[in-house]
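Visitor: I'd like to ask you about the structure that follows.
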Amino acid sequence: EAGVAQSPRYKIIEKRQSVAFWCNPISGHATLYWYQQILGQGPKLLIQFQNNGVVDDSQLPKDRFSAERLKGVDSTLKIQPAKLEDSAVYLCASSFSTESYEQYFGPGTRLTVT
Amino acid sequence: DAKTTQPNSMESNEEEPVHLPCNHSTISGTDYIHWYRQLPSQGPEYVIHGLTSNVNNRMASLAIAEDRKSSTLILHRATLRDAAVYYCILRAFNTGGFKTIFGAGTRLFVKA
């Protein structure tokens, strides 16, 4: 079974530029999550989708971050404009449903903002 | 949201058992206790979870205190591959399903 795919794996941008990350969840998984992990900390949930609807985006900085999952499968997370403090690993995870006890994580995208 | 407390780091010898503690004194009756681990340069992976009873699976065992205010993840024979950050998480079920809040975790060092 293929795991959660993310791209790119690494990205370096200058502050005030924009960037987008892509995630392809495990086939059949209705729930998709985006996490931000700052160095030395645990992952922090940014947004959770159930199919193409948003379940929880309470910790998403909506003035600069946006995410979509238009067809209920792939998802993109965008940052515009980026700030230095956005430097982190962005992790995508999926689960069969919101009631599932196990989330499957992708390898992450490491973003460096200079 | 209920909070967990874990030691910042622990050290173990290879092929010895490891007991990773977690305190969660504000746990509510419906909170599930989950453990994930994160190997270097990878995303977290599920290890085990439980509600009230002790649990065993191929990766580890989870011992839950009778009052549920603490739990212990047990790795029966640590290997070098078990060196990772281990997260103890309380997953509360709300209207949107389970909400997962990660803490800083315990970094496990395994010595050969």
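If you read the protein sequences in the order shown, they are chains A and B. Reminder that position 26 of the first sequence reads as 72 in the working numbering, one-by-one numbering, no gaps. Reminder that position 24 of the second sequence reads as 447 in the working numbering, one-by-one numbering, no gaps. Note that beta-carbon positions come from the ideal geometry of N, C-alpha and C, so glycine has one too.
1) Asp490/B lies in the beta strand (DSSP E); which residues open and close that run?
2) Would a C-beta distance cut-off of 8 angstroms place Tyr509/B and Gly526/B closer than the cut-off?
3) From the beta carbon of Gly452/B, is the nearest beta carbon of chain A less than 8 angstroms away?
4) Note the first and the last residue of the continuous beta strand (DSSP E) segment covering Glu434/B.
5) Going by alpha carbons, who is nearest to Gln126/A out of Leu106/A, Gly49/A and Tyr147/A?
6) First and last residue of the beta strand (DSSP E) that includes Leu91/A?
7) At the 8 angstroms Cβ level, is Thr144/A part of the contact set with chain B, yes or no?
8) Taking Cβ-Cβ distances below 8 angstroms as the criterion, which residues of the stretch 461–491 of chain B are in contact with chain A?
9) Contact between the stretch 58–76 of chain A and the stretch 123–137 of chain A: three or more CB pairs below 8 angstroms?
10) If we cut at 8 angstroms on Cβ distances, does Thr502/B have a partner in chain A?
11) List the endpoints of the continuous beta strand (DSSP E) containing Ser53/A.
12) Tell me which residue opens and which closes the beta strand (DSSP E) that Gly99/A is part of.
13) In the DSSP assignment, find the unbroken beta strand (DSSP E) run with Ser464/B in it and report its ends.
14) Is it right to say Tyr56/A is buried, meaning 16 or more other beta carbons lie within 10 angstroms of its own, or is it exposed?
15) What residues from the stretch 130–154 of chain A come within 9 angstroms of chain B, judged by C-beta to C-beta, listed N to C?
16) Whole angstroms are fine: how far does the CA of Cys445/B sit from the CA of Thr428/B?
17) When DSSP labels each residue in this structure, what does Glu114/A get in the three-state scheme?
18) Which residue or residues does DSSP assign as beta-bridge partners of Ala128/A?
19) Would you verify that the beta carbon of Leu91/A is, or is not, closer than 8 angstroms to some beta carbon of chain B?
20) Return the CA-CA distance between Ala507/B and Ser432/B, expressed in angstroms with no decimal places.
21) Could you confirm whether any beta carbon from chain A is found closer than 8 angstroms to the beta carbon of His457/B?
22) For Phe442/B, which residues in the same chain have their Cβ closer than 6 angstroms to its Cβ, ignoring the five residues on either side in sequence?
Guide: Once the coordinates are examined:
1) Note, Asp490/B: premise wrong, no beta strand (DSSP E); not H, not E.
2) Remark: C-beta atoms of Tyr509/B and Gly526/B do not approach each other more closely than 8 angstroms.
3) Cβ-Cβ to chain A under 8 angstroms: no for Gly452/B.
4) DSSP places Glu434/B inside the beta strand (DSSP E), whose first and last residues are Ser432 to Asn436.
5) Closest by alpha carbon: Leu106/A.
6) For Leu91/A, the enclosing beta strand (DSSP E) starts and ends at Lys90 to Gln96.
7) For Thr144/A, the answer is yes, since a Cβ of chain B falls inside 8 angstroms of its Cβ.
8) Identification of residues in the stretch 461–491 of chain B having a C-beta nearer than 8 angstroms to some C-beta of chain A yields Ser464, Gln465, Gly466, Pro467, Glu468, Tyr469 and His472, given in sequence order.
9) Contact holds: three or more Cβ-Cβ distances are below 8 angstroms.
10) Taking a beta-carbon distance threshold of 8 angstroms, Thr502/B does not count as an interface residue toward chain A.
11) Counted as a single uninterrupted DSSP element, the beta strand (DSSP E) harbouring Ser53/A occupies residues Ala51 to Ser53.
12) Unbroken beta strand (DSSP E) run through Gly99/A: Gly99 to Asp102.
13) If you look at Ser464/B, you'll find it isn't in any beta strand (DSSP E); DSSP assigns it neither H nor E.
14) That one is exposed.
15) Those would be Val135, Leu137, Cys138, Ala139, Ser141, Ser143, Thr144, Glu145, Ser146, Tyr147, Glu148, Gln149, Tyr150, Phe151, Gly152, Pro153 and Gly154, in chain order.
16) In a straight line, the C-alpha of Thr428/B is about 6 angstroms away from that of Cys445/B.
17) The answer is strand: DSSP assigns Glu114/A an E or B state.
18) According to DSSP, residue pairing for Ala128/A in a beta bridge does not occur.
19) Yes, Leu91/A counts as interfacial toward chain B.
20) Near 10 angstroms, if we compare the C-alpha coordinates of Ser432/B and Ala507/B.
21) Judged by the 8 angstroms Cβ criterion, His457/B is in contact with chain A.
22) Checking the sequence shown, residue 442/B turns out to be His, not Phe. Taken in chain order, the residues that qualify are Thr495 and Ile497.
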